[in-house]
Amino acid sequence: MELLIRNGFVYDPINGVDGEKMDIAVKDGKIVEKVNERKARKIDAFGMMVMPGGVDIHCHIAGSEVNSGRLLRPEDHFRDFERKTAVTRSGVGYSIPSTFTTGYRYSRMGYTTIMNPSMPPLEAKHTHEELSDTPMVDKASYPLLGDWWFVLEYLKDGKIEECARHVAWIITSTKGYAIKIVNAGGLEAWGFGGNVQSLDDQIPCFCITPREIIRGLCKVNRLLNLPHTIHVHTNNLGKPGNYITALETMKCIEDLATENKPIIHITHCQFSAFKGGDWRTLESGAEEIANYVNAHSHVTLDMGQVIFTDTTTMTADGPFQYTLYELSGNKWVNHDVETETSAGIVPFHYLRKSYVHAIQWSIGLELALLIKDPWKIFLTTDHPNGGPFTSYPRIIAWLMSRKAREATLKKINPRARSRSLLPSINRELSFKEIAIMTRAGQAKALGLKGKGHLGIGADADIAIYNLNPETIDPSKKYRIVRKAFKRAAYTIKNGKIVFKNGEIVKHLDGATMWLDVKVSEPAKISEDMRRRFREYWTVECENYPVTENYLEISQPINVEAKV
Amino acid sequence: MITLTPKKEFRFPVIAECINPDIFHDKTTKEIEELKIWEGNKQKMLGELFKVEENRTENPQEREAITINGNLNKVRRIGAGMKSGEIIIHGDVGMHLGEEMKGGKITVHGNVGSWAGSMMKSGTIEIHGNVSDYLGAPYRGSIEGMRGGKIVVYGNVGNEAGAYMKNGLIKIYGNAGQFLGLRMRDGTIFVEKDSGGRAGACMKGGKIVVGGFLESVLPTFTIDSIKEKVKIEEGETIAGPFYLFIGDLVENGEGKLYLSKEKNPHLNHYERLL
Amino acid sequence: MTVVKAVTCPVCGSLCDDIELTVEDGRIVKVKNGCALCESKFLGYNSEHRLLKPLIRKKEELVKVSWKEAVGRAAEILAEANYPILYGWSSTSCEAISLGLELAEEVGGVIDNTSVVCHGPSILSIQEVGIPSCTLGQIRHRADLVVYWGSNPWSAHPRHIERYTAFSEGRFERSAWKGYLNKIKASIVRKKIESAIRRVFFKGKPSAPSNIRNEPPSTLQKEGRKLIIIDVRKTRSAEIADYFIQVEPNKDYELLQAFRALIRDQEIDVDTVAGVPVEYLEEVADLMIRCDFGVLFFGLGLTMSSGKLRNIDAALSLVRDLNMWTKFVIMPMRGHFNVTGANTVFTWQTGYPYAVDFSLGYPQYNPGETSVVDVLLRKESDAALIIASDPVANFPKAAAEHLVKNLLIVIDPHMNATAQLADVVLPSSFVGIEAGGTAYRMDHVPLPLKKVVDPPRGILSDEEILRRILAEVRKIKKRRAEES
């Protein structure tokens, strides 16, 4: 099928297009030079904005922890439901939508590629079953490897290459996309109810430190030539004073950087940018982190913005979730996974009038505004931890409009307002910068070649928003901007119109992308390995990998490793 | 005044949140008949299931009232979320009567299903009959119990009446089932007759008064004193004597559980601790 | 002759996946590594009650018909129903469950799995309190205190103790198997001596069996893993335990709440709770606080005794509270091999784990209201599809009575009680033996089910049958839409 999008204002930062009026031609799911004008279906995008489909680098949408969150919270769903239509399945929201609804709601906002950031390898089949039931978007998932016993043991012995071969095996067998590290070492300690406090704490029984794990996996990542960097949830997350840990984490691999390329992604950085000795004296550490990031090129970040709403927190960081339970007294789920990782879930309500929550809200925006280069920081809420992904348009409005920020600042806790750096920040992001932070930058950081841009050969994943950059001043009319990003005029996936006139018009299954990592000497499933496997896990080695039939549409990406 | 009469004996669940004085307000009979209602998995119009009659009256209070006559035990969500006006029902009613009610009054001359007055915020529900479980209790997974208002039941109630109650008053002139006032935080529950076991389980605050028999007090309650009388609401005090227990210890609770001394002689061994 | 390794056993929620089957001429002839339940399933599944042809009731008789006719009739029943129920699901694959949900949505029905009659109340409590849990390997590696409450793993989940808990060998904890052997030996010797003494001195008059509960709990002072069983009667599992607490029937809630108070060092006004002296409870509470990693498994004995979901509420709260002092986790002992999978798939597609009502075109959930047993007791349904379950045999009588008044479709490999009273019977293959798929272990670990042998000729998988019904329902609805 051919499609021609005419006369839109195109924002394609990767290809240096900044709001120029031009046509975009689509054929067989790809962007092409031109199409047969008479035959092609035409979309008149006059007075509208055309962008690559949105890319989300970090949002918890599938797998065992997300589903435990769903199960835990009927009260989150019962008022927010979606009826079945002629083309769509029914479902529920709010903060942890059911799978179909997740896909539809992303599509409604013009998003087309989603990264699910935490997959316990043992339960990877579950993640993939859910991803296969998440329509409208392409997706991928990051296996949790920072506390995997094999990794800890190889790194302790300094066997980087063996470790790399095993990581290659696990990424390929779990159909994963990147190395995810959560509170390195802390989750193993949590197995007995403990945690680590600094990068140099010894992990009980394993004679290794978080610093060694992060550095080791960073080296592994490079040896394997993976498209994305290591994806790190820092130690001490959610604790006052932890901005120092975040800085140390970035510094600890500084020497491994080459060619000004990013080698680490610090995710939901807001939660790692707390200054102050305790909750009472909590302050923003955004400035310190921004200064560091502005001076270095080996780091990318995402915001992890907080929204004032009732949401559900869920991370693999078991000890952090327990702390949240203690703070809030809300119901608490813990799910430790043998030999690998843990997970925790606690419902949480961010309140404008709470000092801590208001400071957190401010930190996220400060990070995004103080970091000068939009290619280094991306828009996320760490869905659903800071708030549901459906609140992205709200964040876009805050980033583009000082006035929007002031409107919210007026309503927050007064002490937090007086401490916030936001009143001193005049920066208002442009549409180009928003396009970078919500798609181009994310795609680039992920190494997704066909996503996040509209160049010839790119995937025809396109969002059209009903906004005319020539007539609208986003600084003043931020509400209109918010509304437009909330509901795309058109969402196009694989070259097909899937969303228009406020409705899903086509149910389309997206692909699951995964890395087929080729190493010269693959990790062998030897008898010794089989024996260790039996000792470590309670399932048979044969039953551990995710076979391709678990992926509705499988899209392997070949990676040639350097080992 | 609007009078509704079911046109048949319902077999499938009927979801009728449209039966609400706020929605009927200012609508003609025809418009009321066209309101959407679900019977099983089919959407219908109110007029297909109910005969709708309007009796003109000058009394402004009565004008807002809805009277329903007949067996409504399959009809759910009547008066859900209502803010004002009155519903009078002659017959049995199904689940979720007056759920999340914010004002007005519902009177039932008959029995009522579970979750009556669930998550109620204000208003009055008066039931001249029995009620099933979860009276005034929240939705699954939620801790938002009754926030205010008043529920009076002249018959018996099932389990978990007043669970997670935050405020308001529940008066039961018959017997109550198990777990009366479960996890309640404030407000008052009065049961004139007997209560099933585990009354006040996990309560953090509030007051439960049982005028009749309670088989045993949870081990996590501690005896405080014997009181001669206890106040139920403004202007209503019940004469005792009552054993006053404090609990639930497992929640570091300070809830008050009053039990009639006369009706509970098996609890006299607690007196040695006083 | 071929040997198939690493087969997942489709019997109980333990989902052992190390079974080795020997297949000869398309038949399973040998089972290695399995327990008695597993062996009898793999060797005896193909009984004489096997259904081999689709059946339809015509003039009061079930008669053999073609697949097309049977599927057509089933689709017609569902498409025309005003309030159909779709029940079972816990003994089939996730892939079939997924199709079942799609079908339920399409026909505006109430879909429910067997949780409603087993751990449904547990789920309701989890939704109020949460649940600190883990995968079973975590327990194998770390647990030094294992408690089973209202559950008899020795009989219902025979390899649970050996694979995952007290008798398994972990990285940080050794198996307690040797200690158990010594204990059994000692007890045999003791019994021999006792009986000899009896013979000599008392002329065969039996002495009352010694009740462990009344002995001081010295066994709890031992090193290494400890196993505690709490139940209303002394089960086989209780005999191997280090300590057995016999709780007065229907007093579990009081006992749990007492433990909650004791671990907070609170004084209790009474001397015994649920028939157990408070001083013993204090010992056990102390043990719970002092362990490095404790686990509480609970079974239907706790979920279904008086108090139901509130018993679980108390158990979950107890374990959560224990995490103030140490690491403690809790897990329900799930029965059917894929009941956890049913909950899991239901939840990701609809937001809710069981009792989902699609009658308004979107998922609604409120057990008690939307749960199948309650729907039947209120006599509200008019059609039913039953898959991989036999509710006529195991539902409350009044519910079963209404069920058979519905137009009834049964998908099952066997002619069970429900099938005998059905209007349409669709014979299916055995999931995990004759058809593949996915199942979830009680700790939410997904495992592949293998197709080991072929089903009898002409028999379809649950998945295929549901796919055909769904396609047929859509055709009927399309036709109807065009007509009107």
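For the protein sequence lines, the chains are A, B and C, in the order given.
Counting from 1, position 329 in the first sequence corresponds to residue 974 in our numbering; the numbering is continuous, with no gaps.
Counting from 1, position 214 in the second sequence corresponds to residue 217 in our numbering; the numbering is continuous, with no gaps.
Counting from 1, position 388 in the third sequence corresponds to residue 400 in our numbering; the numbering is continuous, with no gaps.
Using N, Cα and C, we set each Cβ at its ideal position, and we do this for glycine too.
| Query | Result |
| --- | --- |
| Cβ-based burial, residue 226(C) [other Cβ within 10 Å; buried from 16] | Low confidence applies to residue 226(C): its pLDDT is 45, below 50, so where it sits in the model is not reliable, and the reading given next is rough at best. By the neighbour-count rule (16 or more Cβ atoms within 10 Å), residue 226(C) is not buried but exposed. |
| The region 466-484 of chain C in contact with the region 66-84 of chain C per 3-pair CB rule at 8 Å | yes |
| Close beta carbons around residue 318(C), own chain, < 6 Å, minus the five adjacent residues each side | 262 |
| Element boundaries [beta strand (DSSP E), containing residue 230(B)] | 225-236 |
| Sub-8 Å separation of residue 204(B) and residue 251(B) beta-carbons | yes |
| Three-pair Cβ contact test at 8 Å for the region 62-79 of chain C versus the region 465-478 of chain C | yes |
| Cutoff 8 Å: residue 1029(A) Cβ touching any chain B Cβ | no |
| Per-residue contacts from residue 148(C) into chain A (C-beta, under 9 Å) | 983 and 1183 |
| Heavy atom of the ligand GDP within 7 Å of residue 835(A) beta-carbon | In the structure shown, the ligand GDP is absent, as is every other ligand, since no ligand is present at all. |
| Beta-bridge partners of residue 637(A), as assigned by DSSP | Any answer about residue 637(A) is impossible in this case: the structure gives chain A only from 646 up to 1208. |
| Host beta strand (DSSP E) of residue 647(A) (start-end) | 647-657 |
| CB contact check: residue 492(C) to chain A, cutoff 8 Å | no |
| Residues within the region 719-743 of chain A neighbouring chain B, beta-carbon criterion of under 7 Å | 719, 720 and 723 |
| Contact set for residue 216(C): own chain, Cβ-Cβ below 8 Å, skip 5 residues either direction | Annotation note: pLDDT 47 at residue 216(C) (below 50); position unreliable, coordinate value reported separately. So the list reads 210, once near-sequence residues are dropped. |
| Contact set between the region 40-55 of chain B and chain C, restricted to residues whose Cβ is under 7 Å from the partner | 41, 43, 44 and 45 |
| Against chain A: residues of the region 135-156 of chain B by CB proximity under 9 Å | 141, 142, 143, 144, 145, 146 and 147 |
| Short-range partners of chain A found in the region 445-472 of chain C, where Cβ spacing is below 8 Å | 450, 452, 456, 457, 458, 459 and 460 |
| Residues near residue 286(B) in its chain [Cβ-Cβ closer than 8 Å; skip 5 each side] | Outside the shown range of chain B (4 to 277) lies residue 286(B), about which nothing can therefore be said. |
| Extent of the continuous alpha helix (DSSP H) to which residue 328(C) belongs | 321-334 |
| For residue 1194(A), the three-state DSSP class (helix, strand or coil) | helix |
| Cutoff 8 Å: residue 83(B) Cβ touching any chain C Cβ | no |
| Integer-rounded CB distance, given that residue 969(A) should sit under 8 Å from residue 958(A) | 6 Å |
| At least 3 beta-carbon pairs within less than 8 Å: the region 182-190 of chain C vs the region 1010-1023 of chain A | no |
| As assigned by DSSP and simplified to three states, the class of residue 214(B) | coil |
| Identity of the residues DSSP links to residue 62(C) by a beta bridge | 426(C) |
| Beta-carbon gap between residue 1007(A) and residue 1065(A) smaller than 8 Å | yes |
| Which residues DSSP lists as bridging residue 396(C), in chain order | 97(C) and 420(C) |
| Listed by chain order, chain C residues near residue 977(A) by CB distance under 9 Å | 141, 142, 143, 144, 332 and 335 |
| Alpha carbon of residue 1013(A) to alpha carbon of residue 1050(A), nearest angstrom | 13 Å |
| Environment of residue 174(B) [buried if 16+ CB atoms lie within 10 Å] | buried |
| Proximity to residue 273(C) [Cα-Cα], best of 14(B), 268(B), 246(B) and 224(B) | 224(B) |
| Closer than 7 Å at the beta carbon, the chain B residues around residue 280(C) | 222 |
| Beta carbon of residue 754(A) nearer than 8 Å to that of residue 1080(A) | no |
| Local conformation of residue 227(C) per DSSP, three classes | With a pLDDT of only 47 at residue 227(C), under the threshold of 50, the placement of this residue in the model should not be trusted; the figure read from the coordinates follows. It is coil, neither helix nor strand. |
| Closer than 8 Å to chain C by CB, residue 202(B) | no |
| Any C-beta of chain B under 8 Å from that of residue 363(C) | no |
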